[in-house]
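A.B. asks: Residue numbers (my numbering), protein chains in the order written: chain A, -13 to 199; chain B, -13 to 199.
By construction, the Cβ of each residue, glycine as well, lies at the ideal position given by its N, Cα and C atoms.
Pasting a structure below so you can have a look.
Number of protein chains: 2
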Amino acid sequence: MQNTRLLEITSAAERLFSHQGYHATTMRQVAGAVELQAGSLYAHIAGKEAVLEAIVVRAADEFEAAIARVPTDAAPPARLRAAMRAHIRVIAANLPAAKVYFHDWQHLPPSRVAEVRARRDAYEAAWQAIIADGVASGVFAPVDVRLAARLCLSACNWIPQWYDPGGALDPDSLADAFSALVLGGLLGRDQGADGGAAAADRSIPDHSRSDTR
Amino acid sequence: MQNTRLLEITSAAERLFSHQGYHATTMRQVAGAVELQAGSLYAHIAGKEAVLEAIVVRAADEFEAAIARVPTDAAPPARLRAAMRAHIRVIAANLPAAKVYFHDWQHLPPSRVAEVRARRDAYEAAWQAIIADGVASGVFAPVDVRLAARLCLSACNWIPQWYDPGGALDPDSLADAFSALVLGGLLGRDQGADGGAAAADRSIPDHSRSDTR
Chain A
-13 MQNTRLLEIT SAAERLFSHQ GYHATTMRQV AGAVELQAGS LYAHIAGKEA VLEAIVVRAA
47 DEFEAAIARV PTDAAPPARL RAAMRAHIRV IAANLPAAKV YFHDWQHLPP SRVAEVRARR
107 DAYEAAWQAI IADGVASGVF APVDVRLAAR LCLSACNWIP QWYDPGGALD PDSLADAFSA
167 LVLGGLLGRD QGADGGAAAA DRSIPDHSRS DTR
Chain B
-13 MQNTRLLEIT SAAERLFSHQ GYHATTMRQV AGAVELQAGS LYAHIAGKEA VLEAIVVRAA
47 DEFEAAIARV PTDAAPPARL RAAMRAHIRV IAANLPAAKV YFHDWQHLPP SRVAEVRARR
107 DAYEAAWQAI IADGVASGVF APVDVRLAAR LCLSACNWIP QWYDPGGALD PDSLADAFSA
167 LVLGGLLGRD QGADGGAAAA DRSIPDHSRS DTR
């Protein structure tokens, strides 16, 4: 019961934070969204910062669990595709939570920010490792590993700003299209089994929510 | 004099909005940052929404002016590189303003949001046109034009979250590295004159501000 209530509270907070901003959201609004008196809310959670921390920690847990399931013994292109699917599945499963995680984590108190930054750095390092392995084995061009990982993650981290989960583009197809673009590049015309996913999507007219892009 | 004051006010607001969020910033804080009484501030600007609008409109103007200078008669890879440089120069020249433009424009009143969305759509369409021309001429692979443009812009729009303008990576080098990645892809090893810029950057150890990534 306690856990169900807490989940309702964090879900309501995710929607409110992502829509109107963390600072603009009051605990009274969160309470109203779950039909509790503001006073009763504090029986479940210590305060707004604690709600933010619960959202951020759960998102970090989910991204880490997802990348941990990417097989490390596969070829770098396959690992990159798997990482992209894993990452985008987590985002698409809860767009408001992803948006709060990407944009509001720095509003945590300094000690928590340091913790979350360390986890984000470790997560980004897992992406860098995939690309570095590809470069080392000669499968990938000798790219800047940090910038390449950042390009991949930046493109994904913007998804909550425009993606419509009820639209024509499912999360795996989006991930495969991004993977094909990053792997094959705009100039690449000979990707064979490694690419071509993007081409399959070209007939989809619009992937955006009209209200947020 | 009026214009100088207004510029000081918008600059202060850009820093405050980008650091602590639009909603969390009060006009009293903006006034304090430019050493004015809150009452005197309103002699220069109608209110917080008007400050946000000034920031957003100026940013939109700058992005549009930048893409308008990209030659339309060059080959698509050169146009993409030029667009990337133009876009990232605008971002790097005023990171707080870019962050406010990317993240807070939706806090404008609905009629203004509609205007800005139309301008953003037109801007994105200019990127799509470059990629579509490349696909049509066979220089680019048959990619999803919308997703490819969105990948480029998403990667750029995340730059204010991590880029250190005082660091080792200047804006044009960052733009060239992103262009090379997007054009050649991780698998591309035969870019010739079209790529290779990313490889030159691989020895740079870290491009990030330690406080914001």
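Evaluate I(-5) of chain A with the Cβ neighbour count: other Cβ atoms within 10 Å of its Cβ, from every protein chain shown; 16 or more gives buried, anything less gives exposed.
C.D. replies: Label assigned to I(-5) of chain A: buried.
A.B. asks: Using a Cβ-Cβ distance under 8 angstroms, would A185 of chain B count as near chain A?
C.D. replies: Note that A185 of chain B scores a pLDDT of 39, beneath 50, so its modelled location is shaky and nothing firm can be said.
A.B. asks: Run through chain A and tell me which residues come within less than 8 angstroms of P63 of chain B, C-beta to C-beta.
C.D. replies: L172 and L173, listed in chain order.
A.B. asks: Strictly under 8 angstroms for the Cβ-Cβ distance: is I117 of chain A near chain B by that measure?
C.D. replies: With 8 angstroms as the cut-off, I117 of chain A counts as an interface residue toward chain B.
A.B. asks: Going by CA-CA distance only, name the one from A:W113, A:Q15, A:A45 and A:V102 that's closest to I77 of chain A.
C.D. replies: Minimum Cα distance to I77 of chain A is reached at A:A45.
A.B. asks: Whose Cβ in chain B lies nearer than 9 angstroms to the Cβ of V37 of chain A?
C.D. replies: Correct list: empty, because the minimum Cβ distance to chain B is about 16 angstroms.
A.B. asks: Out of B:G18, B:L139, B:A79 and B:L133, point me to the one whose CA is closest to D150 of chain B's CA.
C.D. replies: Ranking the options by Cα distance to D150 of chain B, first place goes to B:A79.
A.B. asks: Given the structure, does A52 of chain A come close to the ligand GDP, in the sense that its CB is under 7 angstroms from one of the ligand's heavy atoms?
C.D. replies: Absence of the ligand GDP is noted for the structure shown, with no ligands found whatsoever.
A.B. asks: Whole angstroms are fine: how far does the CA of D47 of chain A sit from the CA of I74 of chain B?
C.D. replies: Those two C-alpha atoms are separated by around 32 angstroms.
A.B. asks: Skipping 5 residues on each side, what residues in its chain have a beta carbon closer than 8 angstroms to that of G132 of chain B?
C.D. replies: According to the sequence displayed, residue 132 of chain B carries Arg and not Gly. Correct list, in chain order: Q114.
A.B. asks: How would you list, in chain order, the residues of chain B whose beta-carbon sits under 8 angstroms from the beta-carbon of L94 of chain A?
C.D. replies: In chain order: nothing, as chain B lies at least about 13 angstroms away.
A.B. asks: In angstroms, rounded to a whole number, what distance separates the CA positions of E21 of chain A and A134 of chain B?
C.D. replies: Near 43 angstroms, if we compare the C-alpha coordinates of A134 of chain B and E21 of chain A.
A.B. asks: Thinking C-beta only, is F126 of chain A closer than 8 angstroms to L137 of chain B?
C.D. replies: Contact flag unset, no.
A.B. asks: Quick check on G153 of chain B - is its C-beta less than 8 angstroms from some C-beta in chain A?
C.D. replies: For G153 of chain B, the answer is no, since every Cβ of chain A falls outside 8 angstroms of its Cβ.
A.B. asks: Could you check what DSSP says for P128 of chain A in three-state terms: helix, strand or coil?
C.D. replies: P128 of chain A falls in the coil class under three-state DSSP.
A.B. asks: Please work out which residues of its chain come closer than 7 angstroms, Cβ to Cβ, to P157 of chain B, disregarding the five sequence neighbours upstream and downstream, and give them in chain order.
C.D. replies: Excluding residues within five positions, the ones whose Cβ falls inside 7 angstroms are I74, R75 and A78.
A.B. asks: Using the Cα positions of V86 of chain A and P146 of chain A, report the straight-line distance between them to the nearest angstrom.
C.D. replies: Approximately 10 angstroms between the Cα atoms of the pair.
A.B. asks: Return the CA-CA distance between G25 of chain A and G153 of chain A, expressed in angstroms with no decimal places.
C.D. replies: For G25 of chain A and G153 of chain A, the distance between alpha carbons rounds to 39 angstroms.
A.B. asks: Checking 8 angstroms against the spacing of the C-beta atoms, do Y109 of chain B and E50 of chain B come in under that value?
C.D. replies: In contact: Y109 of chain B and E50 of chain B (Cβ atoms closer than 8 angstroms).
A.B. asks: Determine the direct distance from the alpha carbon of S140 of chain B to that of A141 of chain A, and round the result to whole angstroms.
C.D. replies: Distance between the alpha carbons of A141 of chain A and S140 of chain B is about 5 angstroms.
A.B. asks: Contact check, G120 of chain A vs P82 of chain A under 8 angstroms by CB: the rounded distance?
C.D. replies: Their Cβ separation, rounded to whole angstroms, is 33 angstroms, which puts G120 of chain A and P82 of chain A out of contact at 8 angstroms.
A.B. asks: For T12 of chain B, count the other beta carbons within 10 Å of its own beta carbon; 16 or more makes it buried, fewer makes it exposed. Which is it?
C.D. replies: Label assigned to T12 of chain B: exposed.
A.B. asks: Rounded to the nearest angstrom, what separates F3 of chain B and V99 of chain B at their Cα positions?
C.D. replies: Near 18 angstroms, if we compare the C-alpha coordinates of V99 of chain B and F3 of chain B.
A.B. asks: For Y28 of chain B, list the residues DSSP reports as bridge partners.
C.D. replies: For Y28 of chain B, which the question treats as bridged, DSSP gives no partner whatsoever.
A.B. asks: Within 10 angstroms of its Cβ, does R55 of chain A collect 16 or more other Cβ (buried), or is it exposed?
C.D. replies: With fewer than 16 other Cβ atoms within 10 Å, it is exposed.
A.B. asks: Are the C-beta atoms of G120 of chain B and some chain A residue less than 8 angstroms apart?
C.D. replies: Chain A, which has a Cβ nearer than 8 angstroms to the Cβ of G120 of chain B, makes this yes.
A.B. asks: Considering only residues of the same chain and omitting the five flanking positions on each side of A17 of chain A, which have a CB-CB separation below 6 angstroms?
C.D. replies: Only A24 and L27 meet the Cβ criterion.
A.B. asks: With a cut-off of 8 angstroms on the beta carbons, I'd call R67 of chain B and D130 of chain B a contact; round off their distance for me.
C.D. replies: Contact flag wrong, Cβ pair sits at about 21 angstroms.
A.B. asks: For H89 of chain A, decide whether its Cβ has a neighbour in chain B, counting only Cβ atoms nearer than 8 angstroms.
C.D. replies: Yes, because at least one Cβ of chain B sits closer than 8 angstroms to the Cβ of H89 of chain A.
A.B. asks: Determine the direct distance from the alpha carbon of K34 of chain B to that of E101 of chain B, and round the result to whole angstroms.
C.D. replies: Each residue's alpha carbon lies about 18 angstroms from the other.
A.B. asks: State buried or exposed for R65 of chain A, treating a residue as buried only when at least 16 other CB atoms are found within 10 Å of its CB.
C.D. replies: Per the 10 Å Cβ criterion, buried.
A.B. asks: Closer than 8 angstroms, CB to CB, is D158 of chain B near chain A or not?
C.D. replies: So, not an interface residue.
A.B. asks: Return the residues of the region 7 to 38 of chain B that lie within a Cβ-Cβ distance of less than 8 angstroms from chain A, sorted by chain order.
C.D. replies: Cβ contacts with chain A: G7, Y8, H9 and A10.
A.B. asks: Residues of chain A with a CB under 9 angstroms from the CB of D150 of chain B: which are they?
C.D. replies: In chain order: nothing, as chain A lies at least about 13 angstroms away.
A.B. asks: Against A163 of chain A, what residues of chain B qualify as contacts under a CB-to-CB distance less than 7 angstroms, listed in chain order?
C.D. replies: Going along chain B in sequence order, the residues near A163 of chain A (Cβ under 7 angstroms) are D130 and L133.
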